[in-house]
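A quick write-up on the structure given underneath.
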Amino acid sequence: MGALLALSSAVVYGIVDFAGGLLSRHIHHAAVTFFGQLGGLLLACAAALLIPADTVHTADLLWGALSGVGSGVAMRFLNRGLSRGAMSVVVPVSAVTGVALSVLCGVLVLGDRPGAMAWLGIAVTVPALWFVSGGGGSAGKGTADGLLASAGVAVQYLALGQAASASGLWPVAAGRVAAVLVLLPDAARHARRLKLPPGRCVQALLIGAGAALGLVLYLLAAHRQLLAVAVVLASLYPALPVILGLALLHERISRRQALGLLGAGAATVLLTLG
17 MGALLALSSA
27 VVYGIVDFAG
37 GLLSRHIHHA
47 AVTFFGQLGG
57 LLLACAAALL
67 IPADTVHTAD
77 LLWGALSGVG
87 SGVAMRFLNR
97 GLSRGAMSVV
107 VPVSAVTGVA
117 LSVLCGVLVL
127 GDRPGAMAWL
137 GIAVTVPALW
147 FVSGGGGSAG
157 KGTADGLLAS
167 AGVAVQYLAL
177 GQAASASGLW
187 PVAAGRVAAV
197 LVLLPDAARH
207 ARRLKLPPGR
217 CVQALLIGAG
227 AALGLVLYLL
237 AAHRQLLAVA
247 VVLASLYPAL
257 PVILGLALLH
267 ERISRRQALG
277 LLGAGAATVL
287 LTLG
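With this note's numbering applied, the sequence shown corresponds to residues 17 to 290, in that order.
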């Protein structure tokens with residue numbers, strides 16, 4: 017069940033990143049990021065109210081808030097990179113580095129002990145995501161934004177995974193509050209960019225709500241299996257924007273990307289069985 021939840025999180029995140037990348041090409045990335053976090057806050061609060069929590073401790077909310085800081089940082093640089101047209105680079109680069117940081121911290125600091133098949137799946141995931149990005153052939157601003165976003169991705173996943181299951185979904189809600197606060201200075205600097213047509217505003221809110229749903233699914237997965245495995249499975253989301261780009265935008269896929277997609281599929285099987 018934990019593997020299915022983590023993979024569902026990856027699917028949701030993949031759709032959100034694809035939609036966010038397209039929207040960031042039409043309106044300023046600061047508006048996509050800020051209104052997205054507001055949409056995430058609304059969904060997270062509604063979900064936390066609907067799903068009862070046994071006990072909510074201050075520590076759980078603080079872990080959630082730290083996760084939200086990571087989310088805010090990740091989405092700011094992710095959307096900035098996507099607005100520059102580097103979807104096939106910035107998303108996988110952020111995921112690859114985020115996976116590496118998360119797994120290392122999980123094993124070295126948190127004491128995770130994945131099995132042999134899970135280790136093999138983790139080993140396959142990093143090069144697979146790298147190949148999905150095209151093997152790093154397009155360096156530059158997109159790569160830099162992806163690397164900056166990866167630090168936020170790692171903090172987001174690791175911190176949220178520390179919240180106790182008894183706290184329900186309130187850590188996710190606390191994280192959305194923290195993310196909004198972190199993004200306020202950037203939103204203030206681009207205040208004129210935040211004046212959006214109602215349709216664009218709704219789109220940004222829905223994208224943020226989708227990202228919050230992805231975090232909810234990830235949190236539920238992290239409570240059911242090793243954190244390192246949950247992170248890796250949830251981080252397979254870059255494969256989906258590539259697939260959607262092929263299907264909807266009629267983009268072409270390279271041999272490296274095809275190899276990466278096959279590797280991502282193999283990693284999914286190994287991690288699920290491990």
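From the three backbone atoms N, C-alpha and C, an ideal C-beta is built for every residue, glycine too.
For clarity, every value in this text was computed on a predicted model and none was experimentally measured.
Check	Outcome
Just the C-alpha distance for Ala155 and Val89, rounded to the nearest angstrom, thanks.	Caution applies to Ala155, whose pLDDT of 48 falls short of 50 and renders its modelled position unreliable; the value that the coordinates give is listed next. Going by the C-alpha atoms only, they are around 21 Å apart.
So does the segment 248 to 259 actually touch the segment 26 to 38, counting three or more Cβ pairs closer than 8 Å?	yes
Is the beta carbon of Val188 closer than 9 Å to that of Val218?	no
CB-CB under 7 Å to Arg192, same chain, minus the five flanking residues each way: which ones, in chain order?	Gln53, Gly56, Leu57, Ala60, Gly84 and Ala228
Taking contact to mean 3 or more Cβ pairs, one atom from each stretch, closer than 8 Å, check whether the segment 32 to 44 and the segment 137 to 144 are in contact.	no
Got a sec, what are the start and stop residues for the alpha helix (DSSP H) Val72 sits in?	Neither: Val72 is in no alpha helix (DSSP H) and is coded neither H nor E.
Exposed or buried, His42, counting other C-beta atoms within 10 Å across all chains shown (16 or more means buried)?	exposed
Helix, strand or coil: which one does DSSP assign to Met17?	coil
If I follow the unbroken alpha helix (DSSP H) through Pro254, where does it start and stop?	Looking at the DSSP string, Pro254 is not in any alpha helix (DSSP H), and its letter there is neither H nor E.
Can you check which of these residues, His73, Asp33, Leu210 and Leu222, is closest to Met91 by C-alpha distance?	Asp33
Reducing DSSP to helix, strand and coil, say where Ala180 ends up.	coil
Keeping to the same chain, check which residues put their C-beta closer than 6 Å to that of Phe93; ignore five residues upstream and five downstream.	Asp161, Leu164 and Ala165
Hey, quick one: how far does the alpha helix (DSSP H) through His45 stretch, first residue to last?	His45 to Leu66
Under the assumption that Phe50 contacts Leu210 (Cβ atoms under 8 Å), give the Cβ distance between them as a whole number of angstroms.	7 Å
Excluding sequence positions up to five away, which residues of its chain have a Cβ less than 6 Å from the Cβ of Leu21?	Leu233, Leu236 and Ala237
Give me, in chain order, the residues of the same chain whose beta-carbon lies closer than 7 Å to that of Ala175; leave out the 5 immediate sequence neighbours on both sides.	Trp79, Leu82, Ser83 and Gly86
Please name the residue, chosen from Arg129, His239 and Pro130, that lies closest to Met17 on a Cα-to-Cα basis.	His239
For Ser181, count neighbouring C-beta atoms within 10 Å of its own C-beta (all shown protein chains included) and say buried if the count is 16 or more, exposed if not.	exposed
So what does DSSP say about Arg209, is it helix, strand or coil?	helix
Please go through the same chain and pick out, in chain order, the residues whose beta-carbon is closer than 7 Å to the beta-carbon of Gly224, but skip the five residues on each side of it.	Phe51, Gly52, Gln53, Leu54, Gly55 and Gly56
Counting along the chain, where does the alpha helix (DSSP H) carrying Leu221 start and finish?	Pro214 to Ala238
For the candidate residues Val48, Met133 and Leu136, whose alpha-carbon lies nearest to that of Ala220?	Val48
Ignore the nearest five residues each way along the sequence and tell me which others in Gly184's own chain have a CB closer than 8 Å to its CB.	Ala64, Ile67, Pro68, Ala69, Asp70 and Val72
Candidates Leu117, Gly30 and Gly131: which alpha carbon is nearest Ser286's?	This sequence places Leu at residue 286; Ser is not what is there. The option with the nearest alpha carbon to Leu286 is Gly131.
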